[in-house]
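Participant: Dropping a structure here in structure tokens format, bear with me for questions.
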Amino acid sequence: MTGSKSYDDMFLADPDFCRDEFYMERNRRLLALVDGIEFKNVLELAGASGLLAEMFLDGRSSTVRYVHSDFSSVACDLARGHLKRFSNAEVKVIDLVEDLDEIDWGVFDLVVSTSMEHFPKGVDLKFIQRLKRGTHVLFSLARFGPTKAGHHLHPYPHPDYVRERFASLVNVKG
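Each residue of the sequence shown is one higher than the one before, starting from 4 at the first, in this note's numbering.
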């Protein structure tokens, strides 16, 4: 994930490129999966400009700490602006490949990402192996084919690719 120049350029060209209705609907569906479950310490990986963090924190007063991260300093700067109204939100530049061993994985009871497809193959399994027992992992994957907005970086070509890549993590159906 190092070398985020093109990703930075996307945010510089259009700071709101991942804050449209497509992403809002995806986040609503994702958050519905954990509705009613309280989380004290949350880590979001590759969270772009903070839309999911905002939506999560808007509906949860019991979260003590929400760490939003991205490997792009530009995305993190945008996220800081969007999340400044939340005293329990932190924003950190984290390159999961380089910083994997620097993260205190044991403090989080929820790890969330809507961008696992951007992690190099195998990094997802490495971070999951570092989690304490009972930690929830909530993630979504890019759609097959182009998105409505037409700008997603790495949509998956076929369900078989997802099965092969994530078979050691989850039971993928469909």
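In this text, a Cβ means the ideal position worked out from N, Cα and C, and glycines have one as well. Remember, predicted model here, so these are calculated numbers, not experimental data.
Nearest by alpha-carbon distance to residue 13: which of 75, 26 and 28 is it?
Facilitator: When only C-alpha atoms are compared, the closest one is 75.
Participant: Check whether the Cβ atoms of residue 71 and residue 49 lie closer than 7 Å to each other.
Facilitator: no
Participant: Just to check, is the beta-carbon of residue 83 closer than 6 Å to a non-hydrogen atom of the ligand ATP?
Facilitator: Annotation note on the ligand ATP: not contained in the displayed structure, which lists no ligands.
Participant: So, residue 44 versus residue 112, is the Cβ gap smaller than 7 Å?
Facilitator: yes
Participant: Could you name the residues of the same chain whose beta carbon sits closer than 8 Å to that of residue 91, not counting the 5 residues immediately before and after it, in chain order?
Facilitator: Cβ within range, chain order: 60, 66, 67, 68 and 69.
Participant: Assuming residue 141 and residue 33 form a contact by the criterion Cβ under 8 Å, report the distance between their Cβ atoms to the nearest whole angstrom.
Facilitator: 6 Å
Participant: Flag residue 20 as yes if its beta-carbon sits less than 7 Å from any beta-carbon of chain B, otherwise no.
Facilitator: Given the protein chain composition of this structure (a single chain), no chain B is represented.
Participant: List the residues that DSSP assigns as beta-bridge partners of residue 82.
Facilitator: Paired residue(s): none; residue 82 is not in a bridge.
Participant: Taking DSSP as the reference, what is the three-state secondary structure of residue 101?
Facilitator: For residue 101, the secondary structure class from DSSP, reduced to helix, strand or coil, is helix.
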